[in-house]
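Residue numbers (the UniProt record's numbering), protein chains in the order written: chain A, 1 to 463; chain B, 1 to 94. Okay, so here's the structure we're looking at.
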Amino acid sequence: MSAFDTIVHLIYLACATAFVIGLHLMNAPSTARRGNQVSAAGMGVAILVTLAVLIEDGRINAYAAWALGLGTAAGAAAGLVAARVVRMTAMPQLVSLFNAVGGGAAALIALGERPASTQAEVTGVLDVLIGALTFSGSLIASGKLAGRVPGRPIVVPYGRFVWAGLAAVAAAMAVLVVGFDGGTAALVGAAVAALVAGVLLTLPIGGADMPVVISLLNACTGTAVAMAGFVLESTPLIIAGALVGAAGAILTKLMADAMNRPISAIIAGGYGTGDAIAVEAGAGSAAVREITADDAAIQLAYAGRVVIVPGYGLAAAQAQHEVVALAQALTAHGVEVSYAIHPVAGRMPGHMNVLLAEANAPYEQLQDLEESNPAFPRTDVALVIGANDVTNPAARRAGNPVSGMPILDVDLARSVIVIKRSLGHGYAGIDNELYADPRTAMLFADAKKGLNALLTGVSAYAK
Amino acid sequence: MSPLLLADLTVFTLGLLVGFEVISKVPATLHTPLMSGANAIHGVVLVGVMLLAATISTPVGYALLAVAAFFAAMNVAGGYVVTDRMLAMFRSRS
Numbered sequence: 001m002s003a004f005d006t007i008v009h010l011i012y013l014a015c016a017t018a019f020v021i022g023l024h025l026m027n028a029p030s031t032a033r034r035g036n037q038v039s040a041a042g043m044g045v046a047i048l049v050t051l052a053v054l055i056e057d058g059r060i061n062a063y064a065a066w067a068l069g070l071g072t073a074a075g076a077a078a079g080l081v082a083a084r085v086v087r088m089t090a091m092p093q094l095v096s097l098f099n100a101v102g103g104g105a106a107a108l109i110a111l112g113e114r115p116a117s118t119q120a121e122v123t124g125v126l127d128v129l130i131g132a133l134t135f136s137g138s139l140i141a142s143g144k145l146a147g148r149v150p151g152r153p154i155v156v157p158y159g160r161f162v163w164a165g166l167a168a169v170a171a172a173m174a175v176l177v178v179g180f181d182g183g184t185a186a187l188v189g190a191a192v193a194a195l196v197a198g199v200l201l202t203l204p205i206g207g208a209d210m211p212v213v214i215s216l217l218n219a220c221t222g223t224a225v226a227m228a229g230f231v232l233e234s235t236p237l238i239i240a241g242a243l244v245g246a247a248g249a250i251l252t253k254l255m256a257d258a259m260n261r262p263i264s265a266i267i268a269g270g271y272g273t274g275d276a277i278a279v280e281a282g283a284g285s286a287a288v289r290e291i292t293a294d295d296a297a298i299q300l301a302y303a304g305r306v307v308i309v310p311g312y313g314l315a316a317a318q319a320q321h322e323v324v325a326l327a328q329a330l331t332a333h334g335v336e337v338s339y340a341i342h343p344v345a346g347r348m349p350g351h352m353n354v355l356l357a358e359a360n361a362p363y364e365q366l367q368d369l370e371e372s373n374p375a376f377p378r379t380d381v382a383l384v385i386g387a388n389d390v391t392n393p394a395a396r397r398a399g400n401p402v403s404g405m406p407i408l409d410v411d412l413a414r415s416v417i418v419i420k421r422s423l424g425h426g427y428a429g430i431d432n433e434l435y436a437d438p439r440t441a442m443l444f445a446d447a448k449k450g451l452n453a454l455l456t457g458v459s460a461y462a463k
Numbered sequence: 001m002s003p004l005l006l007a008d009l010t011v012f013t014l015g016l017l018v019g020f021e022v023i024s025k026v027p028a029t030l031h032t033p034l035m036s037g038a039n040a041i042h043g044v045v046l047v048g049v050m051l052l053a054a055t056i057s058t059p060v061g062y063a064l065l066a067v068a069a070f071f072a073a074m075n076v077a078g079g080y081v082v083t084d085r086m087l088a089m090f091r092s093r094s
């Protein structure tokens with residue numbers, strides 16, 4: 001190994017270390033931003049060193065250099081623009097899109113590299129299969145989240161047979177590549193099968209299962225990048241891919257646990273509706289108590305402790321600023337306010353936290369399931385906004401679609417106010433028993449309008 | 001198995017274990033930036049695309065190379081910037 005190669009490898013090692021330290025600093029909100037910067041600095045150095053390798057090596061021809069340079073410049077520009085203009089409510093679809101292109105690039109690497117060994121052939125096939133699957137799957141997920149593809153579960157006819165056929169094609173192509181030096185044609189065949197599989201995987205999945213699915217696709221992209229690293233014998237790709245694979249796997253498990261549904265059942269799909277708030281009709285049979293915004297405002301202003309429970313309805317109505325304004329008005333009036341956030345509230349892990357942070361809610365007020373549940377019995381008012389199934393007490397009983405799901409113990413608070421447009425069902429498709437509880441009052445309104453009315457009421461009262 | 005493959009497998013396995021250890025401590029509050037930041041890290045695939053560029057010499061290859069570079073650069077640049085934007089919003093009470 002030449003001195004140059006040694007230095008390059010040592011710098012790559014430093015870059016990989018920067019990725020690990022960066023992720024480690026994400027353990028706390030106060031250091032997380034610095035963590036991301038450390039990680040970005042490592043990435044910048046890795047790219048510069050690779051540029052030096054290309055120049056020193058000198059084998060790259062002019063056309064390839066232009067293709068690389070123009071492609072990189074255009075991609076970086078597109079990524080920067082998208083990252084700057086995206087609204088926080090649209091974050092799930094953007095993260096999903098970035099995940100898709102990462103997987104696509106990893107798959108293209110294996111298509112472009114002539115495998116030099118059996119190792120490169122095996123990992124190359126895996127790279128193409130996983131990368132192409134996560135590419136098309138993440139694009140469909142992104143489309144569903146953005147509303148460009150219908151969010152409801154789309155059941156593919158004879159899906160099981162189509163799946164078996166695709167698996168057979170993929171296996172045959174893999175055998176051709178590894179056993180018979182099938183080369184690029186067989187790899188392209190495998191890629192096509194995986195692209196179709198990615199579409200079939202994501203179409204049947206409903207909106208509420210999205211946090212699990214995009215976590216899983218994230219893990220897949222990480223794995224695909226690690227496989228690309230095996231193909232190219234590039235350590236930074238292997239390490240970074242493994243780190244991302246681990247991150248995606250952990251989030252997948254956390255999200256599936258938070259819904260108490262096995263990952264296999266979520267992948268099978270066909271569960272529930274697309275958006276909880278889209279269900280307008282189907283009013284529950286139970287008698288519910290309605291409350292006016294003025295009465296609700298007085299109840300909030302009189303309270304000693306208020307817990308706000310946000311759900312996807314809040315994001316859909318873009319009402320994060322309104323809810324934080326209300327919380328600030330209550331805090332100024334001497335009310336203790338916190339937010340109770342269920343792990344699967346929203347459309348990606350941590351979605352609610354980002355929205356509330358955007359609206360300047362201090363992160364000390366954002367509490368997860370374990371922190372908030374013990375505090376509900378000493379809470380005067382639980383204010384539920386656009387959350388449904390995650391508050392349904394039926395989850396504590398066996399024998400219904402939400403049985404066993406960890407819920408926020410909203411019904412243990414002294415009183416509950418629910419802002420909701422109608423008595424429609426959540427994704428589980430069952431009545432929420434919380435609404436029929438005598439301590440619960442319903443404020444029928446769009447989240448944004450309802451919160452504005454509450455804020456007006458609280459401000460008038462607090463004067 | 002070649003010694004090289006064994007070394008790569010070792011690195012991969014240890015990377016997974018380190019990843020599990022480090023990431024399982026991230027609080028739920030930061031799960032979106034974590035996913036987005038992890039996403040940006042797999043933008044390292046751009047390094048792979050660059051290494052591959054040295055071996056490409058056909059018109060189809062150039063086209064695929066440009067697409068791969070576009071994808072990877074979008075992933076890495078957009079991923080880090082959007083994560084930074086999110087994390088800049090996480091403020092303390094003070």
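Note that CB positions come from ideal geometry on N, CA and C, so glycine has one too.
- Hey, does Tyr312/A have any beta-carbon neighbour from chain B nearer than 7 Å? no
- Query: Which of the residues in the region 313-345 of chain A, read from start to end, lie with their CB under 9 Å from any CB of chain B?
  - Reply: Ile341, Pro343
- Query: Quick one: does Val45/B have its CB under 7 Å from some CB of chain A?
  - Reply: yes
- Query: Considering Met352/A, what are the terminal residues of the beta strand (DSSP E) in which it resides?
  - Reply: Premise fails: Met352/A lies in the alpha helix (DSSP H), 351-358, not in any beta strand (DSSP E).
- On the three-pair Cβ rule with 8 Å, is the region 391-402 of chain A touching the region 355-375 of chain A? no
- Since I believe Val192/A is in contact with Ala186/A (beta carbons under 8 Å), could you give me their beta-carbon distance rounded to a whole number of angstroms? Actually they are not in contact, since the Cβ atoms of Ala186/A and Val192/A sit about 11 Å apart, beyond 8 Å.
- Per DSSP, Val306/A forms a beta bridge with which residues? Val337/A, Val381/A
- Give the DSSP-derived three-state secondary structure of Ile277/A in the structure shown. Confidence at Ile277/A is low in this model, with a pLDDT of 39, below 50, so the placement of that residue should be treated as unreliable; the coordinate-derived value is given next. Helix.
- Task: Determine whether the Cβ of Thr32/B lies closer than 7 Å to any Cβ atom of chain A.
- Result: yes
- Item | Selection of the region 236-253 of chain A by Cβ proximity to chain B, strictly under 8 Å | Pro236, Leu237, Ile238, Ile239, Ala240, Gly241, Ala242, Leu243, Val244, Gly245, Ala246, Ala247, Gly248, Ala249, Ile250, Leu251
- Query: Would DSSP call Met35/B helix, strand or coil?
  - Reply: helix
- Item | Same chain only: Cβ atoms within 7 Å of Gly37/B, ignoring 5 sequence neighbours per side | Thr83
- Counting only beta-carbon atoms, is Val60/B nearer than 7 Å to chain A? no
- Message: Can you tell me whether Phe90/B is helix, strand or coil according to DSSP?
- Response: coil
- Message: Is there a Cβ of chain B sitting closer than 7 Å to that of Leu187/A, yes or no?
- Response: no
- Range of the contiguous alpha helix (DSSP H) that encloses Val175/A: 159-180
- Task: Check whether the Cβ atoms of Leu443/A and Ile291/A sit closer than 7 Å, and answer yes or no.
- Result: yes
- State the Cα-Cα distance for the pair Ile419/A and Val384/A, rounded to the nearest angstrom. 6 Å
- Would you mind telling me which residues of chain B sit closer than 9 Å to Gln119/A, beta carbon to beta carbon, in chain order? Met1, Ser2, Leu4, Leu5, Asp8
- Name, please, each residue of chain B whose Cβ falls closer than 8 Å to the Cβ of Val225/A. His42, Val44, Val45, Gly48
- So which residues of chain B does Pro115/A contact, with C-beta pairs closer than 7 Å? Those do not exist, as Pro115/A stays about 12 Å from chain B at its closest Cβ, beyond 7 Å.
- Message: Rounding to the nearest angstrom, what Cα-Cα distance links Ser96/A and Leu80/A in this structure?
- Response: 15 Å
- Item | Top-ranked residue by Cα proximity to Arg84/A, from Ser92/B, Arg91/B, Met74/B, Phe90/B | Met74/B
- Task: Determine the contact status of Val22/B and His342/A, defining contact as a CB-CB distance below 7 Å.
- Result: no
- Query: So Ile21/A is in the alpha helix (DSSP H); what residue range does that whole segment cover?
  - Reply: 3-25
- So what's Ser403/A in DSSP terms, helix, strand or just coil? coil
- From Val231/A to Gly124/A, what does the alpha carbon distance come to, in whole angstroms? 6 Å
- Given that a residue counts as buried once 16 or more other Cβ atoms are within 10 Å of its Cβ, and exposed if not, what is residue 126/B? Outside the shown range of chain B (1 to 94) lies residue 126/B, about which nothing can therefore be said.
- Message: Within 10 Å of its beta-carbon, does Ala73/A have 16 or more other beta-carbons around it, so buried, or fewer, so exposed?
- Response: exposed
- Using only alpha-carbon positions, find the residue among Val44/B, Val26/B, Ala28/B, Leu6/B that is nearest to Ala68/B. Val44/B
- So is Gly189/A buried or exposed if we call it buried at 16+ other beta carbons inside 10 Å? buried
- Helix, strand or coil for Lys448/A per DSSP? helix
- Quick one: list the residues of chain B neighbouring Leu94/A, beta-carbon separation under 9 Å, in chain order. Ser36, Gly78, Val82
- Could you confirm whether any beta carbon from chain E is found closer than 7 Å to the beta carbon of Ser234/A? Note that chain E does not occur in the displayed structure, where the protein chains are A and B.
- Task: Count the other CB atoms, across all protein chains shown, that sit within 10 Å of the CB of Ser24/B; report buried if there are 16 or more and exposed otherwise.
- Result: exposed
- Message: 7 Å is my cut-off, CB to CB: does Ala105/A come that close to chain B?
- Response: yes
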